[in-house]
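In our numbering, the protein residues as written are 2 to 299. The beta carbon of each residue, even a glycine, is placed where N, CA and C say it ideally should be.
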Ligand code: 5RP
């Protein structure tokens, strides 16, 4: 207990030295409360302002996806290279060591699998469990443009944002994939803006070849891109480079990392592109060098 008497006299008031009031630089995030900013600072590296999120939540709709059959064997060795993990609570509890101690973007919407009709989702994980798991973001899929599921999934998003704001936990709005949904700048621009207008603090969407810079420009909060289906490694690095160059603040990449011939080399190369602005060709060279050096010791 503090003593009431004989304490050192307080005198270092820094009179005349203005109190620093640093701006929180992450796009659109300066007006959030401290807890929300702290969680976002775990997702987005405060030095580069960018993030490499490793996505391995595919099983919630696809079951044992190629490369994710044994997460303990294939994903755990990659964890140290990621800023943030995008996963389900089942896999987090079962396979991810709690000593990982970095950001988690927890998949909170859940619903139909590939076997029926994608995008028919509800809130599967409530905020209490997200907080219990020390998540840094809650991920909710939204099917903008789906005749059947648009309103339902926007309601899911708004509900999570509402509770997330109450506790300072950001919500990641995820634009859906679906047969009827296109992937051009017009659609992606509309979908990402709708999610941001509803209050999502971060948006995950897809890269498009034409006018992606319009998608990022019109979205007032950070956009991260999903990788999509497996591409040759150089093409995946080119996509990451172009996305960052055109205003994305990170990647949330799965198959193009864990299905690569050498996943550790690939995530290292992706990191160089995202955080250091490495050109895709140089990053691909790095990929090949790491792959060659580690051959046999995969
Ligand atoms: C799966 C997802 C994934 O998180 C997202 O698609 C990113 O993974 P990939 O880079 O493999 O597309 O939402 O349901």
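| Item | Value |
| --- | --- |
| Identity of the residue in 97, 147, 161 nearest residue 124 by Cα | 161 |
| Check: residue 157 C-beta below 8 Å from any heavy atom of ligand 1 | no |
| Boundaries (first-last residue) of the beta strand (DSSP E) holding residue 251 | 251–254 |
| Contact under 9 Å by Cβ, residue 193 with residue 172 | no |
| DSSP-derived helix/strand/coil call for residue 117 | coil |
| Straight-line gap, residue 299 to residue 74 (C-alpha atoms, nearest Å) | Note that residue 299 scores a pLDDT of 47, beneath 50, so its modelled location is shaky; the value from the coordinates is reported in the next line. So the two alpha carbons sit approximately 11 Å from each other. |
| Rounded straight-line distance, which links the Cα of residue 36 to that of residue 20 | 21 Å |
| Inter-residue Cα distance where the pair is residue 302 and residue 40 | An answer regarding residue 302 cannot be provided, because it is not within the stretch 2 to 299 covered by the chain. |
| DSSP bridge partner residues for residue 159 (one or two, in chain order) | Paired residues: none, contrary to the question. |
| Paired residues, beta bridge with residue 37 - DSSP | DSSP output for residue 37 lists no bridge partner at all. |
| Member of 128, 176, 134 whose CA lies at the smallest distance from the CA of residue 151 | 176 |
| Reference residue 197, options 141, 270, 279, 24, closest by Cα | 141 |
| Own chain partners of residue 38 with C-beta closer than 7 Å, once the 5 adjacent residues on each side are dropped | 25, 30 |
| Closest by C-alpha distance to residue 94, when choosing among 265, 246, 133, 139 | 133 |
| Extent of the continuous beta strand (DSSP E) to which residue 169 belongs | No beta strand (DSSP E) contains residue 169, which DSSP labels as neither H nor E. |
| Test: residue 245 CB closer than 9 Å to a CB of chain B | The structure shown has no chain B; it contains just one protein chain. |
| Beta-carbon proximity of residue 222 to residue 51, cut-off 9 Å | no |
| Where the beta strand (DSSP E) containing residue 141 begins and where it ends | 138–143 |
| Those residues which DSSP pairs with residue 108 across a bridge | 140 |
| Ligand 1 heavy atom lying under 8 Å from the CB of residue 90 | no |
| Beta-carbon proximity list for residue 102, same chain, < 8 Å, skipping 5 on both sides | none |
| Candidates 250, 195, 286, 261, of which the one nearest residue 84 by Cα | 250 |
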